[in-house]
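S.K.: Take this structure, written in structure tokens, and hold onto it; I'll ask about it next.
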């Protein structure tokens, strides 16, 4: 049993089947990357786990309990999600954003308490955002902004963090910054990280396991080296790629050519 | 990261002040504006009454002609105008967040027409059940809101689709109102006034109708402030933060419908207040709903009382319905927002 068990779920959106009878176990404390071609249902899977999308069949369990049986707030204290390119009002500060992460711990009548304040400060420290807490979100660079959103998610004190393409739109320096931050949070806090990624080299470098999706199904799950092979890239993405070992000893890939079908 | 309806400042300081001091300052300014509107509304008109006289009349309501004017005409009219301003401004502010749409306003989106059609039906066909006008108008407003959601819903809420659905629904319902008014023209007094929204001849009975809704609506809106803040992050993030998005959206839409319906019940189809006021307030105070809602309420008082006073005196003795003034300011404002936000 994992911390999250996806058991035979089928998800339909607008009467179109996106996920078909899918199962996946997520282990506590791991970094799991989900890869696959555009439109294969990666984001839908994340949203099904976060119960933003309801599954038509099957269940998603959190530590053995059906996620539907938690209240919205209870669930938000266990699992946080960052969707792709989230919106925010233009005059929101980093501090105000992170404070919204305390919402699951508040009742509608209570204001700020000391506990919330401490947790917000902690989340800002963990993400290295304490110097920037008074800045407006819109004035931050893409990488800083992503860190601010991660800080908000951390303020929820979740056991599991889901991220949908957290490095899209970032330059390579900021991409690494975000990936290293997630690695640090995973190592220091034991946070389980599940993310949808497009950069296969990131998945090779930073995840303990990789799940490969194609057309609404998971076709392979396992450790990076055994999952990412030239044959798989050919089957799933239709590209021919070279595999080699980078200077830090980690495997890396370079796509060379499209394979004509 | 889209839309920038508030000019960005690098750090959160306005003219060297901390953000909270600035916000309190803006609230005080809006409160003064509201008081200014109320006083002008009481003093100005076909007979001008000085502020001193107003104070004397308030302390000792004697039977002078001025006293009659103040107590029976201007005072209730001012109160109705102020409360209508509060209700429409709050309704617009709430709708802008729950419909994820900067152009949402109870009038543009058709909620007022829904309330109006329901209210007019009672007024014309069952005049003996007048006490039911506001509750029925609320049902009409809510039904219209649900209708717009259903029409505009397709994998989530898209701002443009909401506006277009709202405009169409609004036109459809308005045709119903006009039809009823033409068929039963003998039973409708001041129909034209009602269609554009006016405060003429509004007195204590209308105050009695609207004030409970204004109080309840204001309290419910303030309770929803934190939810409105979180909805601004989008449905998916709100859900991830532990908000039951569908339930909260329906509940807050109901509050907005209640506020709009009570306003429509007393003044008719007064438009644009719910559009102009929250936006103007947002420009100065920002988009944190804990401050934006009280600011909108105060500015709503100021805008409606000042506009109504202006509408009464500009072509005196002919009195314009305040709705004409609001549309005159509001329509260009709508176009301005359209170009900037969508």
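Protein chains in written order, with the numbering used here: chain H, 857 to 1117; chain X, 30 to 371.
The beta carbon of each residue, even a glycine, is placed where N, CA and C say it ideally should be.
Treat the numbers as computed from the prediction; the structure is a model and nothing was measured.
1. Taking three-plus beta-carbon pairs below 8 angstroms as touching, is the segment 130 to 141 of chain X in contact with the segment 287 to 303 of chain X?
2. Starting from the Cα of residue 913 of chain H, find the closest Cα among H:943, H:971, H:873, H:1029 and give me that residue.
3. Of all the options H:1017, H:1056, H:954, H:1114, which has the alpha carbon lying nearest to the alpha carbon of residue 980 of chain H?
4. Taking only runs that begin and end inside the segment 965 to 1037 of chain H, name each unbroken alpha helix (DSSP H) of 4 or more residues, in chain order.
5. Cutting at 7 angstroms between CB atoms, please list the residues of its own chain near residue 1012 of chain H, excluding the five before and the five after it.
6. In chain X, what lies closer than 8 angstroms to residue 974 of chain H by C-beta?
7. Three-state secondary structure (DSSP) at residue 1102 of chain H?
8. From the DSSP output, in three-state form, read off residue 359 of chain X for me.
9. Rounded to whole angstroms, how far is the Cβ of residue 123 of chain X from the Cβ of residue 285 of chain X, which I believe are closer than 8 angstroms?
10. Between residue 125 of chain X and chain H, is any beta-carbon pair separated by less than 7 angstroms?
11. From residue 209 of chain X to residue 147 of chain X, what does the alpha carbon distance come to, in whole angstroms?
12. Interface residues of chain H around residue 14 of chain X at Cβ under 7 angstroms?
13. Label residue 1082 of chain H either buried or exposed according to how many other C-beta atoms from any shown protein chain fall within 10 Å of its C-beta, with 16 as the threshold for buried.
14. Could you confirm whether any beta carbon from chain X is found closer than 7 angstroms to the beta carbon of residue 1065 of chain H?
15. Is there a C-beta anywhere in chain X that falls below 7 angstroms from the one on residue 960 of chain H?
16. Tell me whether the beta-carbon of residue 884 of chain H lies closer than 7 angstroms to the beta-carbon of residue 859 of chain H.
17. Of all the residues that make up the segment 306 to 327 of chain X, which are near chain H by a beta-carbon distance shorter than 8 angstroms?
18. Assuming residue 117 of chain X and residue 367 of chain X make a contact with CB atoms under 8 angstroms, what is their CB distance in whole Å?
19. For the segment 266 to 296 of chain X, which residues have a beta carbon sitting closer than 8 angstroms to at least one beta carbon of chain H?
20. Which residues in the same chain as residue 259 of chain X place their Cβ atom closer than 8 angstroms to its Cβ, once the five residues preceding and following it in sequence are excluded?
21. For residue 928 of chain H, which residues in chain X fall below 8 angstroms Cβ to Cβ?
22. What number of angstroms, rounded off, separates the C-alpha of residue 1020 of chain H from the C-alpha of residue 190 of chain X?
23. Could you tell me which chain X residues have their CB closer than 8 angstroms to the CB of residue 956 of chain H, listed as they occur along the chain?
24. Drop a sphere of 10 angstroms on the beta-carbon of residue 948 of chain H, count the other beta-carbons inside from all chains shown, and report buried for 16 or more, exposed for fewer.
25. Residues of the segment 888 to 912 of chain H in Cβ contact with chain X at a cutoff of 9 angstroms, in chain order, please.
26. When the Cα atoms are used, what is the spatial distance from residue 992 of chain H to residue 200 of chain X?
27. Please state the DSSP three-state secondary structure of residue 883 of chain H.
28. Run through chain X and tell me which residues come within less than 9 angstroms of residue 932 of chain H, C-beta to C-beta.
29. Quick check: the segment 998 to 1005 of chain H against the segment 1020 to 1031 of chain H, are there 3 or more CB pairs under 8 angstroms?
30. What are the boundary residues of the beta strand (DSSP E) that residue 864 of chain H is part of?
31. When you compare the CB positions of residue 241 of chain X and residue 75 of chain X, do they come within less than 7 angstroms of one another, or not?
32. Would you call the CB atoms of residue 1034 of chain H and residue 891 of chain H closer than 7 angstroms?
33. Would you mind telling me which residues of chain X sit closer than 9 angstroms to residue 936 of chain H, beta carbon to beta carbon, in chain order?
34. Less than 7 angstroms between CB atoms is the rule here; does residue 1107 of chain H satisfy it with respect to chain X?
35. What residues of chain X sit near residue 945 of chain H, judged by a beta carbon separation below 7 angstroms?
36. Leaving aside the five residues before and after residue 1104 of chain H along the sequence, list all residues of the same chain whose C-beta is less than 6 angstroms from its C-beta, in chain order.
M.R.: Reading it off the structure:
1. In short, these stretches touch, since the Cβ pair count reaches three.
2. When each option's Cα is compared against that of residue 913 of chain H, the closest is H:873.
3. Measuring from the Cα of residue 980 of chain H, the nearest candidate turns out to be H:954.
4. If you keep only unbroken alpha helix (DSSP H) runs of at least 4 residues inside the segment 965 to 1037 of chain H, you get 970 to 982, 998 to 1011.
5. If the five residues before and after residue 1012 of chain H are omitted, its C-beta is found closer than 7 angstroms to the C-beta atoms of 932, 933, 936, 957, 960, all from its own chain and listed in chain order.
6. Taking the beta carbon of residue 974 of chain H as reference, no residue of chain X falls within 8 angstroms; the closest one sits roughly 19 angstroms away.
7. In the displayed model, residue 1102 of chain H falls within coil according to three-state DSSP, outside both helix and strand.
8. Note: residue 359 of chain X maps to helix in three-state DSSP.
9. About 4 angstroms separates the beta carbons of residue 123 of chain X and residue 285 of chain X, which is inside the 8 angstroms limit, making them a contact pair.
10. Chain H contact via Cβ: absent.
11. Counting only the Cα atoms, residue 147 of chain X lies some 11 angstroms from residue 209 of chain X.
12. Residue 14 of chain X lies beyond the range of chain X shown here (30 to 371); nothing can be said about it.
13. Answer is exposed; the Cβ neighbour count stays below 16.
14. Output row for residue 1065 of chain H: interface = no.
15. Yes, its Cβ sits closer than 7 angstroms to a Cβ of chain X.
16. Taking a C-beta distance under 7 angstroms as the contact criterion, residue 884 of chain H and residue 859 of chain H qualify as a contact pair.
17. Cβ contacts with chain H come from 315, 316, 317.
18. Approximately 20 angstroms separates the beta-carbon atoms of residue 117 of chain X and residue 367 of chain X; this is outside 8 angstroms, ruling out the contact.
19. Within the segment 266 to 296 of chain X, the residues whose Cβ lies closer than 8 angstroms to any Cβ of chain H are, in chain order, 266, 268, 269, 270, 271, 272, 273.
20. The answer, listed in chain order, is 266, 267, 270, 272.
21. The answer, in chain order, is 268, 271, 272, 273.
22. Each residue's Cα considered, the two are about 26 angstroms apart.
23. Correct list: 258, 259, 262, 270.
24. It is buried - the Cβ of residue 948 of chain H has at least 16 other Cβ atoms within 10 Å.
25. Listed by position along the chain: 903, 906, 907, 908.
26. For residue 992 of chain H and residue 200 of chain X, the distance between alpha carbons rounds to 41 angstroms.
27. Residue state, collapsed to three classes: coil.
28. Within 9 angstroms Cβ-Cβ: 268, 269, 270, 271, 272.
29. Segments in contact, yes.
30. First-last of the beta strand (DSSP E) with residue 864 of chain H: 860 to 869.
31. Going by beta carbons, residue 241 of chain X and residue 75 of chain X fall outside the 7 angstroms limit.
32. No.
33. Neighbours of residue 936 of chain H on chain X, chain order: 269, 270.
34. No - not a single Cβ of chain X is within 7 angstroms of the one on residue 1107 of chain H.
35. Within 7 angstroms Cβ-Cβ: 261, 316.
36. Here the set comprises nothing.
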